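Just so you know, we're using full-length UniProt numbering here: the sequence shown kicks off at 1 and counts up by one.
All residues carry an ideal CB built from backbone N, CA and C; glycine is no exception.
Just so it is clear, the structure is predicted and the values come from calculations on it, not from any experiment.
In what follows, a structure is listed as structure tokens, so that the remarks can point back to it.
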Amino acid sequence: MSYYHRLLIPVRAERKAEKGKEREEAHRERRGGVHGWAREQPSLTELLPLRTVGSQLVMDPMLVCKKTRRLKGKLADICRKEPSLLKEIAKGVQVGTRECQYQFRNRRWNCTTVRRSLKKILLRDTRETGFVNAITAAGVTYAVTRACTMGDLVECSCDKMTSKGNRLAKFARTVEAKKSLPTEGDWEWGGCGDNVNFGFKKSREFMDAPYRKRSDIKTLVKLHNNDAGRLAVRNFMRTECKCHGLSGSCTVRTCWRKMPPFREVGNRLKESFDGAAKVIPSNDGHSFITEGPTIKPPGRFDLIYSEDSPDFCKPNRKTGSLGTTSRQCNSTSPGVEGCELLCCGRGYDTRIVKEKVNCQCRFRWCCEVTCNTCLVKKTVNTCR
């Protein structure tokens, strides 16, 4: 045996051992992982450290960027060069999660933040997943834009529009004139508006960058819903004005652009959730079409999905459903919060509880309000 062949022996042995490990890991994944839970490749959303802390979804920016060697492109740049921006992104995720929990507080799936449950739900392309992705992208856009306006980021500032030489001002004068711009008296752009374009850009870089080169149906659905969430913020900016003149005569008004309240963003996306369209891959492999020929193609503001949702009535480790047992319901409502629908026909238990509330409040000059504490009885219905 030559000296060259003797050198190759340990290299071949090492490669053989690596292939053996790969086969073992693949076999373990097919069996469902170490504890019976399937092992999937982590998505960007799963990189966010989720845990139950009250009713908030907590994201630690340091954990998101802990393994920067595995990150590439814009996401890696944010992690390595813009730590202050990452903190605002974390705030945006929390804003989106709180709004998600508000919008779904009375439904079978209540936007739970239990890590194992949410992870399983995010791996599917259901309507619920679409809403989570959209509201998270909207929350990041909102938080970053707000930080720019408040001067909390050195990378950006507020949007200082002027009447002359500003493309956005010209656009607003023509397109938005019929909506919210003043129609009487003279007015001009001024003040410090919300720099939503910067927030939109950074949300896209953080949320979308890892998926831009992929064209599978899951990626297409995710990117579409992310953009729908961001557009629910950017395309519904409003104009606010301040009057200037003697004795408040409002001879001249200074106007600026401002984001809508985030509750309006959540309401708009919730409407899109209720009317979400199911899509399937198109023949070209790079786009999607609606499942039925009679269904209207979704627009940029619409949410889409490719998998039907489970009923979320019973706990299911495969789908991430926690069930509705012990959830409070309304015995007199025929809607989704009613006991009949929320409890999935299993019935409900009723009990009387006593709560302490403020009562007989009085105003004392000046400037204090004093109240007594009263015990009131309250009927509570919980699903069986």
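If you ignore the 5 residues before and after S282, its C-beta comes within less than 7 Å of the C-beta of F288 and I289, all in its own chain and listed in chain order.
In summary, D227 is buried, with 16 or more beta-carbon neighbours lying within 10 Å of its beta-carbon over all protein chains present. Inter-residue distance for N267 and Q103 is about 7 Å (C-alpha atoms, whole angstroms).
By the 16-neighbour rule on beta-carbons within 10 angstroms, R127 is buried.
Under the 8 Å Cβ criterion, the stretch 328 to 339 does not count as touching the stretch 300 to 317, having fewer than three qualifying pairs. With fewer than 16 other beta carbons inside 10 angstroms of its own, V376 counts as exposed. For Y142, no pairing in a beta bridge is given by DSSP. As computed with DSSP, F288 is found in a beta bridge with P281. Segment contact: the stretch 259 to 278 against the stretch 95 to 112, three or more CB-CB distances shorter than 8 Å; contact assigned. Between T239 and C250 the beta-carbon gap is near 15 Å, outside 8 Å, which marks them as no contact. Close CB contacts of F200 within its chain, under the 7 Å cut and outside five residues either way in sequence, are with T141, R230 and R234 (chain order). The C-beta separation of A138 from A232 comes to about 5 Å, placing the pair in contact by the 8 Å criterion. The shortest C-alpha to C-alpha distance from M259 to any of A276, K296, C243 and F236 is the one to F236. Excluding its 5 nearest sequence neighbours in each direction, N133 has C-beta neighbours in its own chain below 6 Å: K222, N225 and N226, listed in chain order. In the DSSP annotation of this structure, I352 is not part of any alpha helix (DSSP H); the continuous beta strand (DSSP E) holding it starts and ends at Y348 to R364. Positions of the alpha helix (DSSP H) runs, each at least 4 residues long and wholly inside the stretch 101 to 136, are given as 115 to 122 in order along the chain. Under DSSP, V369 shares a beta bridge with F363.
Residue R257 holds the alpha-carbon nearest to the alpha-carbon of R146 among A277, P293 and R257. The beta carbons of V93 and T136 sit about 6 Å from each other, so the pair counts as a contact at 8 Å. For T325, there is no enclosing alpha helix (DSSP H), since its DSSP letter is neither H nor E. Between the stretch 73 to 88 and the stretch 202 to 212, the count of Cβ pairs shorter than 8 Å is three or higher; the stretches touch. For L341, the three-state secondary structure derived from DSSP is helix.
Excluding its 5 nearest sequence neighbours in each direction, T370 has C-beta neighbours in its own chain below 8 Å: C361, R362 and R364, listed in chain order.
According to the DSSP assignment, K270 belongs to the alpha helix (DSSP H) that extends over F262 to D274. Straight across, the Cα-Cα distance linking G73 with D349 is about 54 Å.
When DSSP reads this structure, N381 sits in a beta bridge with C329 and T350. A Cβ-Cβ contact shorter than 9 Å links D194 with D159.
Annotation: the continuous alpha helix (DSSP H) that includes V233 extends over I217 to R234. For E205, the enclosing alpha helix (DSSP H) has its first and last residue at V196 to D208.
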